[in-house]
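Shown next, in structure tokens, is the structure this report addresses.
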Amino acid sequence: MRVSRFLLSTVKETPADAEVISHQLMLRAGMIRKLAAGLYTWLPLGLRVLRKVEAIVREEMDRAGAQEVLMPAVQPAELWQESGRWNQYGAELLRIKDRHHREFCFGPTHEEVITDVIRREIRSYKQLPANFYQIQTKFRDETRPRFGVMRAREFIMKDAYSFHLDLASLQETYDLMHSTYSRIFTCLGLQFRAVEADTGSIGGRSSHEFHVLADSGEDAIAFCDTCDYAANVEMAVSRLPAPSHEAVRAKEKVTTPGIRTVDEQATMLGISHERIVKSIVVMADDKPAVFFICGSDDLNTIKAAHALGAITLRLAEAAEVLAVTGAPVGFVGPLNLPATLTVIVDSQAAQTHNFSSGANQVDYHWINLNWGVDVPLPTVADVRSVCIGEQCPRCDGHLSIRRGIEVGHIFQLGTKYSQALNATCLDEQGKATVMTMGCYGIGVSRIVASAIEQNNDAQGIIWPNSIAPFHVALLPMNMHKSYRVREAAEKLYDELCAAGIEVLFDDRKERPGVMFADMELIGIPYRLVLGERGLDEGVIEYKERRTNTGQNIGLADVVAFMQAQLTQ
RNA sequence: CGGGGUGUAGCUCAGCCUGGUAGAGCACUUGCUUCGGGAGCAAGGGGCCGGAGGUUCGAAUCCUCUCAUCCCGACCA
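Numbering (our numbering), first residue to last: 10 to 577.
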């Protein structure tokens, strides 16, 4: 490709509304342009990268035996009503009406559609297992799109759905997808981890997320430093410390005027955070519930929602706390709460002896409360978030926490959708059986951004070879003055192209500094500079973007040399 | 959805407080010089100052409403 014929829309200044480095560089390199909040146009340079990511995903999905399909982006409301998600999904689902006032949505995901297709097409167990995928535009009306294509409203996703007669078959495909995903992210040249994850609103059983490690990631991931345990902090558990066996003391009510926080309570009463059990009032599916957790811990709202079997969960407002418990925020405690309230104690807080807690009365707290003595022990559940340094649940190692960008997610759906849509096939006995499903997503457009998060420097992007928009930048020095340089550059360009190497030939009438800066900004992995000086010696200057090292190559050897670089 | 910020040239921003008819740098066009790390000089094109209403002789500037957008939080395969 000749730069003079290519829309190379680089900009020097960093756009004001770009926060993370990948967003800034994608705008500066001229890969994307914003149309509206969360909606982006892919310019030629960006699209080349996107297509490379798609190609790798497609190749590996095909290799794993999945079949490609393409489903409509717009889906009828009836299917979503059949699965029950029309009402569940909320405002994130973009609902639209056609000219006949019939309701549709722009698909945020395709479980309903694929299940509808398969219930019509597959009749026999002999056709199973089967895995279908597509690479397609999705729309989710995010409350707050941000970070460019990282969290856009419209985005490209590879979604796959597998169908099985039984769980054993599902597990097999699930494992195959797990290893396929690992191959894909390895091919893409990304540092990633597979972690245990929550299934979220999509429902189902087991689930793993694939995260590209980056400080700008929106998710926190807990890792064991010894074994391979890794989990999203939404899910992560740690081993409880051994319970203490201290003597039960008599409870005592103390005045604590104006106390609001655990810190103030600890200071005023002269006790440690571990000896405080705080009470957190939540509204779960609009019904109140109270969680008791250690003063030093954070309530994990995902775990809390699971513990209640609730779909939505939020912290209660101050007025709601007062209405529900009769005590203002800061003074709620387990003793003498209204008996009708749902209460759950965290497994760690359940081990605490002689703890302090609110007295459900303004300006009073209890000290030396004990479960089973002063207060009946409520339902116990793990509802706290793990902290750095805690013990791994699987081994004697310790947990550390890093940030990650979720680029893939695999689920064992089970029969949630096949049941709802009555997707059955006949088993060996000729009996109709509800198929078991798995689903497997990859955020294709998000991968482009996450690759940049992991591969950049002060000059710009540094593409991994596998997804670089071009392999080589060919930069002639003063080609417009030197006939010799022009001749040699044109010849070399033809030879490289003929060898199947993707070359970006900078034939603009630009100064060298401009060319260098542009090629570094857009991240082309290899650079060939051709000038009068080199021509005199029959060489061309070769340089690697990532290492900033290079050497002179004999003109006759350039094609072979570049081929070797690209296949290594 | 709560809190905060910002809308002035394609981009980054100044001007607004203290009303008087539009600015800089970058980018773009042309010419000359320069020519291996984002050149210099000169000339030029480009803005309904987000939109609507109001105050005023006069509004980018003051007031009201509205729209958009960004950040923090809540939410989120």
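All residues carry an ideal CB built from backbone N, CA and C; glycine is no exception.
Everything numeric in this text was worked out from a predicted model, so none of it was measured.
- K518 carries a coil assignment under DSSP once its states are collapsed to helix, strand and coil.
- Exposure of H109 is indicated by the presence of fewer than 16 other C-beta atoms within 10 angstroms of its C-beta.
- Excluding its 5 nearest sequence neighbours in each direction, F115 has C-beta neighbours in its own chain below 7 Å: A82, V83, L103, I105 and F148, listed in chain order.
- Classified as buried, G157 has 16 or more neighbouring CB atoms from the shown chains inside 10 Å of its CB.
- An exposed status is given to H254, since fewer than 16 other beta-carbon atoms sit within 10 Å of its beta-carbon.
- The alpha-carbon of E243 is positioned some 7 Å away from that of N309.
- Annotation: the continuous alpha helix (DSSP H) that includes N96 extends over R94 to Q97.
- Nearest C-alpha to V512 among G198, E519 and L483: L483.
- Cα atoms of A573 and L564: separation of roughly 15 Å, rounded to the nearest angstrom.
- Setting aside the 5 residues that flank it on each side, R517 is surrounded in the same chain by V12 and S13, each with a C-beta closer than 6 Å to its C-beta; the list follows chain order.
- Its chain contains L249, V389, A390 and D391 as the residues whose beta carbon lies nearer than 7 Å to that of S356, once the 5 sequence neighbours on both sides are disregarded; these appear in chain order.
- Residue ranges of uninterrupted beta strand (DSSP E) with 3 or more members, entirely inside the stretch 122-185 and ordered along the chain, are 139-148 and 163-173.
- P297 and L350 do touch by the CB rule: their CB atoms are close to 6 Å apart, below 8 Å.
- Take V354, set aside five residues on each side of it, and the residues of its chain with a beta-carbon closer than 6 Å to its own are F301, P387 and V389, in chain order.
- If you look at M446, you'll find it in the beta strand (DSSP E) that goes T445 to G452.
- Assigned with DSSP and collapsed to three states, A359 falls in helix.
- In this structure G543 is buried. Its beta-carbon is surrounded by 16 or more other beta-carbon atoms within 10 angstroms.
- For P53, the secondary structure class from DSSP, reduced to helix, strand or coil, is helix.
- Distance between L539 and S409, taken at the CA atoms: about 49 Å.
- Rounded to whole angstroms, the separation of the alpha carbons of A177 and Q438 is 18 Å.
- In the three-state reduction of the DSSP assignment, H217 falls in the strand class, which pools E and B.
- Closest in alpha carbon position to F141, among A100, P117, A206 and D71, is D71.
- Between the stretch 412-431 and the stretch 216-235 there are three or more C-beta pairs closer than 8 Å, enough to call the two in contact.
- Ranked by Cα distance from R153, the options D295, C434 and A100 are led by A100.
- E69 counts as buried, since at least 16 other C-beta atoms from the protein chains shown sit within 10 angstroms of its C-beta.
- Under the Cβ criterion (8 Å, minimum of three pairs), the stretch 357-377 counts as touching the stretch 273-292.
- Residue nearest to R284 within the set D306, G267, I268 and M292 is D306 (criterion: CA-CA distance).
- The residue among T189, Q428, L17 and L36 with its C-alpha nearest the C-alpha of T445 is Q428.
- Burial is judged here by how many other beta carbons sit within 10 angstroms of a residue's own beta carbon; N487 has fewer than 16 and is exposed.
- Relative to D207, the option among L331, A314 and R37 whose CA is nearest is A314.
- Going by C-alpha positions, P85 is about 39 Å away from G198.
- Its chain contains A293 and D294 as the residues whose beta carbon lies nearer than 6 Å to that of A319, once the 5 sequence neighbours on both sides are disregarded; these appear in chain order.
- Setting aside the 5 residues that flank it on each side, V352 is surrounded in the same chain by A298, V299, F300, F301, P343, L346, P387 and T388, each with a C-beta closer than 8 Å to its C-beta; the list follows chain order.
- The beta strand (DSSP E) runs of length 3 or more contained entirely in the stretch 28-87 are, from start to end of the chain, 41-45, 48-51 and 83-85.
- In this structure, DSSP gives M10 a state outside helix and strand, which the three-state scheme calls coil.
- The continuous stretches of alpha helix (DSSP H) do not include E415, which lies in the beta strand (DSSP E) extending over residues L408 to G423.
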